[in-house]
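Asker: The UniProt record's numbering puts the last residue of the sequence shown at 135; the count rises by one with no breaks.
Even for Gly, the Cβ is constructed at its ideal location relative to N, Cα and C.
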Amino acid sequence: MADKNRPDGTGETGRGKQHEADIRDDDLERRRRDLEASLATRRPDRLEGKDDAKAGSMAGYGQALKLSSEFIAGVVVGAGIGWIIDRLAGTSPWGLIVFLLLGFGAGVLNVMRSAGVVAEFGQGDNSRRDQDDKK
């Protein structure tokens with residue numbers, strides 16, 4: 001068996017062969033209290049941050065659901081209109097193809113509008129007029 005005075009002894013960690021007194025329970029208790037006090041000052045900020053992060057992630061999920069549904073709705077409506085035109089006019093794949101592409105474009109435009117990348121309809125003219133007035 002291993003010698004308990006060596007660091008590789010069973011259950012031994014730390015300083016090895018030094019002849020120091022064992023760490024007393026009161027010293028451990030003092031260090032534990034210091035650690036708890038230190039953590040207590042930091043803990044409330046972390047808990048509030050976690051709540052904010054949870055609320056932010058839920059808002060992110062909501063935004064993602066909104067954007068994906070806007071895109072899917074544009075594609076489905078375009079495909080539906082194309083299919084109806086194909087059935088009524090007898091232009092078998094062409095109406096579906098053209099309106100599916102138009103629906104894709106409309107879906108992308110709706111997503112960009114919802115995300116705030118592109119201005120809403122009618123707001124672009126006002127910004128151009130303001131820029132022309134400044135010149």
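1. Any chance the stretch 98–110 sits against the stretch 73–84, with 3 or more Cβ pairs inside 8 Å?
2. Can you have a look at Gly56 and say buried or exposed, based on whether 16 or more other CB atoms are within 10 angstroms of its CB?
3. If you count every other CB in all the chains shown that lies within 10 Å of the CB of Gln18, and 16 or more means buried, which is it?
4. Going by Cα to Cα distance, which pick from Arg42, Leu67, Thr91 and Trp83 is closest to Leu109?
5. Is any heavy atom in the ligand SAM found nearer than 7 Å to the beta carbon of Met58?
6. If Phe71 and Gly95 are in contact, beta carbons under 8 Å, what's the gap, nearest whole angstrom?
7. Just to confirm the assignment: which complete alpha helix (DSSP H) runs, minimum length 4, are found wholly within the stretch 25–95?
Answerer: According to the data block:
1. yes
2. Stepping through the sequence shown from its first residue, residue 56 is reached at position 56. By the 10 Å Cβ count, Gly56 comes out exposed.
3. Here residue 18 is taken as the residue at index 18 of the sequence shown, counted from 1. Note on Gln18: pLDDT 46, under 50, position unreliable in the model; the coordinate value appears next. The residue in question, Gln18, is exposed, as its Cβ has fewer than 16 Cβ neighbours within 10 Å.
4. As a working note, residue 109 is residue 109 in the sequence shown. When each option's Cα is compared against that of Leu109, the closest is Leu67.
5. For the ligand SAM, the structure offers nothing, since it holds no ligand at all.
6. The sequence position of residue 71 within the sequence shown is 71, counting from 1. The sequence position of residue 95 within the sequence shown is 95, counting from 1. Wrong, their Cβ atoms sit about 21 Å apart, outside the cutoff.
7. 25–89
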